[in-house]
Every structure is written in C-alpha cells, then in structure tokens.
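Beneath this line is the structure, given in structure tokens, with notes to follow.
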Amino acid sequence: MKKKPYSTATREVRNAEIHPKFIKYLKEYAGLYKLGDLEKDIQHCFISTNQKKGFLGGLKTNHTVVCFTTEFLFWGIMYDNKESGIGAANWTEISEIRDWETSEMSALVEAHGVEILCFMYQASRRSRSFIALDQSTAGQRCRELLKERITGKK
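In my numbering, the protein residues as written are 1248 to 1401.
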C-alpha cells in the first residue's frame, strides 16, 4: 500500500518572497565557491509548502525551494526548527529529469514532483534528488521550465 507522507502546495515567488534561510544558504554557497551575487541572477523561484501529520497529530511543515539562475539550479528543504541546507547543480551536469509519478519509488510513496539525476556542484559522483511540486499551475510551470532547461524540450 502506498504511503502518503505529506500534502504539498506550490507557488511561484519573487525574490523578496524567497525563504530567508534559503537566501542565507545561497549567499554562503556563493561565497564558499566564489560564484558572485547569485541572488541578483535568480530567474525563477518556486516554493512548495509541505505539511504532514506529526506523531501526536500536530502538523509539521517544511518548504522545498527551487531557484533557477543562468548557470545553476539550486534547491533545498527549509525546516523552521532544525538545520537545513541547499544543493546545486550546473545545468550542464543534470543528465535526467522525470516525473516522480513515473519513477520506481512512486510505487512506495505517493508524492508529486520530479526526480533529477545530476552531479552536485563540486561533487565527483552522481546523485538523485526529489523536488516536491504539486499539480497546480505553478507546480506544472516549474516542471516545464526544469524539463526545458535540462532536456531542451517541454
């Protein structure tokens, strides 16, 4: 039986609306790798608010943030009360994207979004990452933009 871990609501946001923790990590990342002012280079940004029931019935919330720059895709899950982080991949180092709903893992977990296969920036091996996106207009727009940048087609 499939497990539904959480509900997701995706929206496209302007730079001023990006989660503050994500901006903090983006600035640290840019400084660490001498990438310049990445904040000024953000072309598109999407935030998915993910909620799941906690052990005692309360709601736990985190935010998946996805930002496009000229050279990089940045993404991360921001938690309010615990350490978070971001991942990055150069667009040319992302070799595959597929809808989560068609992946092998979708048989185990009912979720919506995309899975990417890439070399994380400054890493020597490939990794898979899940990016939560709902099926709204904003979620579909993010999927289309990702597919266009990664494969060259919608």
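Where a beta carbon is used, it is the ideal one built from N, C-alpha and C, also for glycine. Source: prediction; values computed, not measured.
In chain order, each beta strand (DSSP E) run of at least 3 residues that lies wholly inside the region 1281-1323
1291-1300 and 1306-1315
Counting only C-beta atoms, is N1297 closer than 9 Å to chain D at any point?
Given the protein chain composition of this structure (a single chain), no chain D is represented.
Go to L1364, then tell me how far its beta strand (DSSP E) extends in each direction, as first and last residue.
As a working note, residue 1364 is residue 117 in the sequence shown. Where L1364 is concerned, the enclosing beta strand (DSSP E) stretches over G1360 to F1366.
Could you name the residues that DSSP lists as bridge partners for S1342?
Within the sequence shown, numbered from 1, the residue matching residue 1342 stands at position 95. Answer is none; S1342 lacks a bridge partner.
Enclosing beta strand (DSSP E) for T1257 [first to last residue]
Translated into the one-based positions of the sequence shown, residue 1257 becomes position 10. It spans S1254 to E1259 - the beta strand (DSSP E) in which T1257 sits, taken as one unbroken run.
With H, G and I counted as helix, E and B as strand and the rest as coil, what does DSSP make of R1372?
On the sequence shown, residue 1372 is found 125 positions in, with the first residue counted as 1. The answer is coil: DSSP assigns R1372 none of H, G, I, E or B.
Whole-angstrom Cβ separation of A1385 and R1258, contact assumed at under 8 Å?
Taking the first residue of the sequence shown as position 1, residue 1385 is located at position 138. Taking the first residue of the sequence shown as position 1, residue 1258 is located at position 11. That pair is a contact at about 5 Å.
Give the DSSP-derived three-state secondary structure of N1337 in the structure shown.
Position 90 of the sequence shown, counted from the first residue, corresponds to residue 1337. DSSP places N1337 in strand when its eight states are reduced to three.
Three-way DSSP call (helix, strand, coil) for R1390 in this model
What you label residue 1390 is simply residue 143 of the sequence shown in a count that begins at 1. In this structure, R1390 counts as helix in the three-state DSSP scheme.
Measuring alpha carbon to alpha carbon, tell me which of T1317, S1374 and E1362 ends up nearest D1284.
Against the sequence shown, residue 1284 aligns to sequence position 37. Nearest C-alpha to D1284: T1317.
Span separating the alpha-carbon of K1274 from that of S1295:
Numbered from its first residue, the sequence shown carries residue 1274 at position 27. Numbered from its first residue, the sequence shown carries residue 1295 at position 48. Spanning the two alpha carbons is a distance of roughly 21 Å.
Would you grab the beta carbon distance between I1363 and I1344 for me? Rounded to a whole angstrom, and I think it's under 8 Å.
Here residue 1363 refers to the residue found at position 116 when the sequence shown is read from its first residue. Here residue 1344 refers to the residue found at position 97 when the sequence shown is read from its first residue. Rounded, the Cβ-Cβ distance is 5 Å, consistent with contact.
Once the 5 residues before and after C1365 are set aside, which same chain residues still bring their CB inside 6 Å of it?
Start at 1 with the first residue of the sequence shown, and residue 1365 comes out as number 118. Closer than 6 Å at the Cβ level, and outside the excluded window around C1365, lie A1336, E1340 and I1341.
What separation, rounded to the nearest whole angstrom, lies between the Cα atoms of N1328 and W1338?
In the sequence shown, the residue the question calls residue 1328 occupies position 81. In the sequence shown, the residue the question calls residue 1338 occupies position 91. Computed Cα separation, rounded: 31 Å.
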